[in-house]
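Q:
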Amino acid sequence: MESLSPEVLEDLRHGRATRERKLAICTGGGHLPPADRAEILAVLANDADEMVSSRAQDAILSQPVETFVEALKREHALPALFSFAGRNLADKPGVGDAMVQNKNCAAEYLVPIVRHLSTLGTQALMEELDRISESPTLAAALEHSSSLTVDQKHQLHELHGPGAPIDEAAMAEAAAAAEPDAARRQTLIQRLAKMTVAQRVQFAMKGGSEARRTLIRDTNKVVQRAVLQSPRLTDQEVEAFASMSSLTDEILRLIAGNRNFRKNYSVVRNLINNPKAPLDVTMHMLPMLNAVDLKRLTSNKNVPETLRTTAVKLQRTRAELKK
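For the sequence shown, the working numbering gives the first residue as 10, with consecutive numbering after it.
(1) DSSP on HIS169, reduced to helix/strand/coil?
(2) Counting beta carbon pairs with one atom in the region 192-202 and one in the region 135-155, are three or more of them shorter than 8 Å?
(3) Determine contact between the region 181-196 and the region 215-231, defined as no fewer than three beta-carbon pairs at a distance below 8 Å.
(4) Please report the straight-line C-alpha distance between ALA51 and GLU16, rounded to a whole angstrom.
(5) I'd like to check one pair, THR158 with VAL120: are the Cβ atoms closer than 7 Å?
(6) Nearest CA to the CA of MET204: which residue from ARG271, ASP227, ASP45?
(7) What runs of the alpha helix (DSSP H), each 4 residues or longer, lie entirely inside the region 62-131?
(8) Where does HIS40 fall in DSSP's three states?
(9) Let me make sure I understand the geometry here. Which of ILE69, ALA183, ARG28 has the alpha-carbon closest to that of PHE250?
(10) VAL231 and GLN161 look like a contact to me (Cβ under 8 Å); what is the Cβ gap, rounded to whole Å?
(11) Which of the three DSSP states is assigned to VAL52 in this structure?
(12) What would DSSP say about GLY266, mapped onto helix, strand or coil?
(13) Have a look at ALA213 and ASN111 and give me their C-alpha separation to the nearest angstrom.
(14) Exposed or buried, what is GLN245 when buried is set at 16 or more other beta-carbons lying within 10 Å of its beta-carbon?
(15) My output table needs one value for SER239: the three-state DSSP class, helix, strand or coil.
(16) Just verifying my parser: in three-state terms, what is the DSSP assignment at ILE141?
(17) Between PRO73 and CYS114, what straight-line distance do the alpha-carbon atoms span, to the nearest angstrom?
(18) May I have the straight-line CA-CA distance separating VAL78 from HIS166, to the nearest angstrom?
(19) If you draw a straight line from the C-alpha of ARG46 to the C-alpha of VAL206, how long is it?
(20) How about ALA65 and ALA54: do their beta carbons lie closer than 7 Å?
(21) Can you grab the Cα-Cα spacing for the pair PRO102 / ARG325, in whole Å?
(22) Since SER252 and ASN279 are thought to touch, with beta carbons under 8 Å apart, how far apart are those beta carbons, to the nearest angstrom?
(23) Measure the beta-carbon distance from VAL247 to ASN273 and round it to whole angstroms, keeping in mind my assumption that it falls under 8 Å.
(24) Hey, out of LYS31, ALA192, GLU259, whose CA is closest to ILE225's CA?
(25) Could one say the Cβ of ASP302 lies closer than 7 Å to chain B's Cβ atoms, at least one of them?
(26) Suppose the cutoff is 8 Å on Cβ atoms and the five residues either side in sequence are ignored; what does the same chain contact list for VAL210 look like?
(27) Between which two residues does the alpha helix (DSSP H) carrying ASP244 extend?
(28) Quick one: measure Cβ to Cβ for LEU295 and LEU261, integer angstroms, because I've assumed they're closer than 8 Å.
(29) Sorted by chain position, which residues of the same chain lie with C-beta nearer than 7 Å to ARG22's C-beta, five sequence neighbours on each side aside?
(30) With DSSP collapsed to three states, give me the class of ALA296.
(31) Is ASN273 a contact residue of the ligand SAM, with contact defined as CB to any heavy atom under 6 Å?
(32) Return helix, strand or coil for ILE225, following the three-state DSSP convention.
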């Protein structure tokens, strides 16, 4: 069996190969890993050449669904594969969840598979604010899912419904703390005032640090959550958010609940010393403090007395263990 070069493989993946080569793949020619063949057949199933398209569709019928699931999970899976799977394989086990897990699968390809998702797949997709904010169609499909909680349905309505008007006074205060330059601050406020909730979510995900520092104090919880999901968010920003007493306890709880954020000791320390952080959260993290910060906490009058008292007890316990 012929082994295909990387160049020929790329030509096949993008539909540029000769007709003979395409037909050979459809009939089992070419030494290909199963996932590669599944992906190429999905591309060829939509080929402009009717014979190639027909042969590819026939070949797909004999392919195990597991090979498509494997292909869909790969980082560089082609849009043509997502499109084919959404249209033809949505009801097959594992297909929808694999598409949700792949961050490169655009929202448009997820719409047909929503009603076939597992409960875990649906919940995972609801965490993808970038996708559901950019696609009202995807949000509408999700709204009919029986797996959604009442809060999640409300979140979808907030994203794409009429929504409450932005609190310009609160936004101006947040922008003042985030952007010292008056002219740039005014421009930022004007931009935000014209945005819908979905647009602010997109801005929180993809904008600059001044946008995130402002939108973390947005009155809309979905927008606040989007800030924490931004791939551009830095450790320094999270440290600053963890110490902000102006944030809601819900956002502080989300920061504390994020495993990656908790790896940063400064985030943990700032949360514990933040008077607005939920007590159950700070009590749980208390043993993470080093000796110096634990001692400082015992005299911090801004945190709840229960936390200070527990810090004193922990300090004594550590001292006794050293004896």
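Glycine residues also receive a C-beta, built at the ideal position from the N, C-alpha and C atoms.
Every value quoted in this text rests on a predicted model; they were computed, and no experiment measured them.
A: Quick answer:
(1) helix
(2) no
(3) yes
(4) 19 Å
(5) no
(6) ASP227
(7) 74-82, 88-97, 104-110, 116-119
(8) strand
(9) ALA183
(10) Between GLN161 and VAL231 the Cβ distance is about 10 Å, and since that is not below 8 Å, they are no contact.
(11) helix
(12) helix
(13) 21 Å
(14) exposed
(15) coil
(16) Correct three-state label for ILE141: helix.
(17) 21 Å
(18) 31 Å
(19) Looking at the two C-alpha atoms, the distance is approximately 42 Å.
(20) yes
(21) 55 Å
(22) The distance from the Cβ of SER252 to that of ASN279 is about 4 Å, consistent with a contact at the 8 Å cut-off.
(23) 7 Å
(24) GLU259
(25) Annotation note: the requested chain B is absent from the structure, which comprises a single protein chain.
(26) Excluding five sequence positions before and after VAL210, the CB atoms of its chain that fall closer than 8 Å to its own CB belong to LEU138, ASP139, SER142, LEU168, VAL231, VAL232, ALA235, given in chain order.
(27) 244-251
(28) Contact between LEU295 and LEU261 is ruled out by a C-beta separation of about 15 Å, above the 8 Å threshold.
(29) GLU48, ILE49, VAL52, LEU87
(30) The displayed chain sequence assigns Pro, not Ala, to residue 296. PRO296 falls in the helix class under three-state DSSP.
(31) Among the components of this structure there are no ligands whatsoever, and the ligand SAM is therefore not found.
(32) coil
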